[in-house]
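Visitor: Numbering (our numbering), first residue to last: 49 to 375.
All C-beta atoms, glycine included, are put in the ideal place defined by N, C-alpha and C.
The structure presented is a predicted model; accordingly, all values stated were derived computationally and were not measured.
Can you keep this structure in mind? I'll have questions shortly.
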């Protein structure tokens, strides 16, 4: 009897333990499912999300215009103490955007506490900001943000590349809103705080085609450039790198030519006019190299450099995606 009791007691205990393990696994699976559902929350279904996202992007672009409109701030770039008399200091802003959830709270210890936001989407926005330097642009948006914008706003964006970021294997497109301050007199479009508030209250998607700041910061983008870049970018993604290099070099020259023709620059280019549009050479002067970088297109130069690093031929494993090196 004792042996039977031991056997059945042991079986019952084992059954209970198995049941408890199954229940714990079930709860864990439900938690994972819930977390996954939260992580893939369909933001696009939220009422007013397009206007909300448009305003977020507009806020960044307007702050970019406002910075370069404020003469009191910009005069610091000419301060001898900062620039050492050789314009070694400049002011600017870089922006990165992603869409998703975040945890807000105080983080730190009893000695120092900071209010901050924590989430993979915050990290992604940070990586977008860092990648601005790699692509030579002022703002980069993730694919998640691009999908939430209004059609009018999306029509003004440029698909720069398709990448994976550090710590993730997910491929996603990244976009920029072409914006430059050189050659733009933003101070001509200044608005009083009351007028700016009124403009914000009366927001409509048509602002992307009518606002003077937005139009002025994109004045360096010509239809010839857009056509050449689109063709070159498609060839780059498709792995046809010989054609991509040819078209992107043409696109880069188009942007330089537009800047020269329209006077969208603040440099003395006398003596370099003819050389600016010629292929780069190892013995090019430093000033000429600087002019090409300032007047040319950052994304074109970034994609061209990446392809030439690989000998101008797409690797056999190429799938139209490259890892983002900046973090």
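Sorted by chain position, which residues of the same chain lie with C-beta nearer than 8 Å to residue 210's C-beta, five sequence neighbours on each side aside?
Guide: For the purposes of this step, residue 210 is taken as the residue at position 162 of the chain shown. Hits under 8 Å: 219, 220, 221, 222, 285, 368, 369 and 370.
Visitor: When the Cα of residue 216 is compared with those of 207, 236 and 175, which residue comes out closest?
Guide: To locate residue 216, count along the chain shown from 1; it is residue 168. Selected option, being the one with the closest Cα: 175.
Visitor: Do the segment 353-363 and the segment 327-341 meet, that is, are 3 or more Cβ pairs less than 8 Å apart?
Guide: Flag = no, the segment 353-363 and the segment 327-341 do not touch.
Visitor: Could you compute how far the alpha carbon of residue 247 sits from the alpha carbon of residue 110?
Guide: For this step, residue 247 is matched to residue 199 along the chain shown. For this step, residue 110 is matched to residue 62 along the chain shown. Going by the C-alpha atoms only, they are around 12 Å apart.
Visitor: What number of angstroms, rounded off, separates the C-alpha of residue 186 from the C-alpha of residue 145?
Guide: The residue you call residue 186 lines up with position 138 of the chain shown. The residue you call residue 145 lines up with position 97 of the chain shown. Approximately 12 Å between the Cα atoms of the pair.
Visitor: With DSSP as the reference, identify every bridge partner of residue 207, one or two as the case may be.
Guide: Your numbering for residue 207 matches position 159 in the chain shown. The partner list for residue 207 (beta bridge, DSSP) reads 223.
Visitor: Distance, Cα to Cα, residue 244 vs residue 254?
Guide: Locating residue 244 in the chain shown gives position 196, where the first residue counts as 1. Locating residue 254 in the chain shown gives position 206, where the first residue counts as 1. Cα to Cα, residue 244 sits roughly 16 Å from residue 254.
Visitor: Where residue 261 and residue 95 are concerned, what is the direct C-alpha to C-alpha distance, given to the nearest angstrom?
Guide: The residue labelled residue 261 in the question sits at position 213 within the chain shown. The residue labelled residue 95 in the question sits at position 47 within the chain shown. When rounded, the distance between both Cα atoms is 28 Å.
Visitor: Identify, in the order they occur along the chain, each residue of the same chain with its Cβ nearer than 8 Å to the Cβ of residue 360, setting aside the five sequence neighbours on each side.
Guide: Start at 1 with the first residue of the chain shown, and residue 360 comes out as number 312. Closer than 8 Å at the Cβ level, and outside the excluded window around residue 360, lie 289, 290 and 293.
Visitor: I'd like to know whether the C-beta atoms of residue 273 and residue 113 end up nearer to each other than 8 Å.
Guide: As a working note, residue 273 is residue 225 in the chain shown. As a working note, residue 113 is residue 65 in the chain shown. No, Cβ-Cβ distance for residue 273 and residue 113 is not below 8 Å.
Visitor: I need the straight-line Cα distance from residue 351 to residue 129, nearest angstrom please.
Guide: Numbered from 1 along the chain shown, position 303 holds the residue referred to as residue 351. Numbered from 1 along the chain shown, position 81 holds the residue referred to as residue 129. Rounded to the nearest angstrom, the two C-alpha atoms are 37 Å apart.
Visitor: Start and end of the alpha helix (DSSP H) containing residue 164?
Guide: Stepping through the chain shown from its first residue, residue 164 is reached at position 116. Counting along the chain, residue 164 falls outside any alpha helix (DSSP H), though it belongs to the beta strand (DSSP E) covering 161-166.
Visitor: Sort 231, 156, 189 and 329 by Cα distance to residue 206 and report the nearest one.
Guide: Within the chain shown, residue 206 is the residue found at index 158, counting from 1. Comparing Cα positions, the closest option is 189.
Visitor: I need the straight-line Cα distance from residue 90 to residue 334, nearest angstrom please.
Guide: Along the chain shown, one-based indexing puts residue 90 at 42. Along the chain shown, one-based indexing puts residue 334 at 286. Spanning the two alpha carbons is a distance of roughly 50 Å.
Visitor: In chain order, what residues of the same chain lie with their CB nearer than 6 Å to the CB of residue 80, ignoring the 5 residues before and after it?
Guide: In the chain shown, the residue the question calls residue 80 occupies position 32. In this prediction, residue 80 scores a pLDDT of 47, lower than 50, which makes its location untrustworthy; the coordinate-derived value is nonetheless stated afterwards. Nothing listed; no residue qualifies.
Visitor: Nearest by alpha-carbon distance to residue 225: which of 183, 92 and 117 is it?
Guide: For the purposes of this step, residue 225 is identified with residue 177 of the chain shown, where counting begins at 1. Nearest of 183, 92 and 117 to residue 225, Cα basis: 183.
Visitor: Determine the closest residue to residue 327 out of 310, 349 and 307, with distance taken between C-alpha atoms.
Guide: Translated into the one-based positions of the chain shown, residue 327 becomes position 279. Minimum Cα distance to residue 327 is reached at 349.
Visitor: Can you give the Cα-Cα distance for residue 121 and residue 232, rounded to whole angstroms?
Guide: Counting from one through the chain shown, the residue named residue 121 turns up at place 73. Counting from one through the chain shown, the residue named residue 232 turns up at place 184. The straight-line gap from Cα to Cα measures roughly 16 Å.
Visitor: With respect to the alpha helix (DSSP H) encompassing residue 262, which residues constitute its N-terminal and C-terminal limits?
Guide: Taking the first residue of the chain shown as position 1, residue 262 is located at position 214. Where residue 262 is concerned, the enclosing alpha helix (DSSP H) stretches over 260-265.
Visitor: Starting from residue 190, trace the beta strand (DSSP E) both ways and give me its first and last residue.
Guide: Reading the chain shown from its first residue, position 142 is the one you call residue 190. Element bounds for residue 190: 187-190.
Visitor: Between the alpha carbons of residue 344 and residue 249, how many angstroms are there, rounded?
Guide: Taking the first residue of the chain shown as position 1, residue 344 is located at position 296. Taking the first residue of the chain shown as position 1, residue 249 is located at position 201. Roughly 37 Å between the two C-alpha positions.
Visitor: Which same chain residues, not among the five before or five after residue 200, have their C-beta less than 6 Å away from its C-beta?
Guide: Here residue 200 is taken as the residue at index 152 of the chain shown, counted from 1. Counting only Cβ-Cβ distances below 6 Å, and skipping sequence neighbours, we find 253 and 256.
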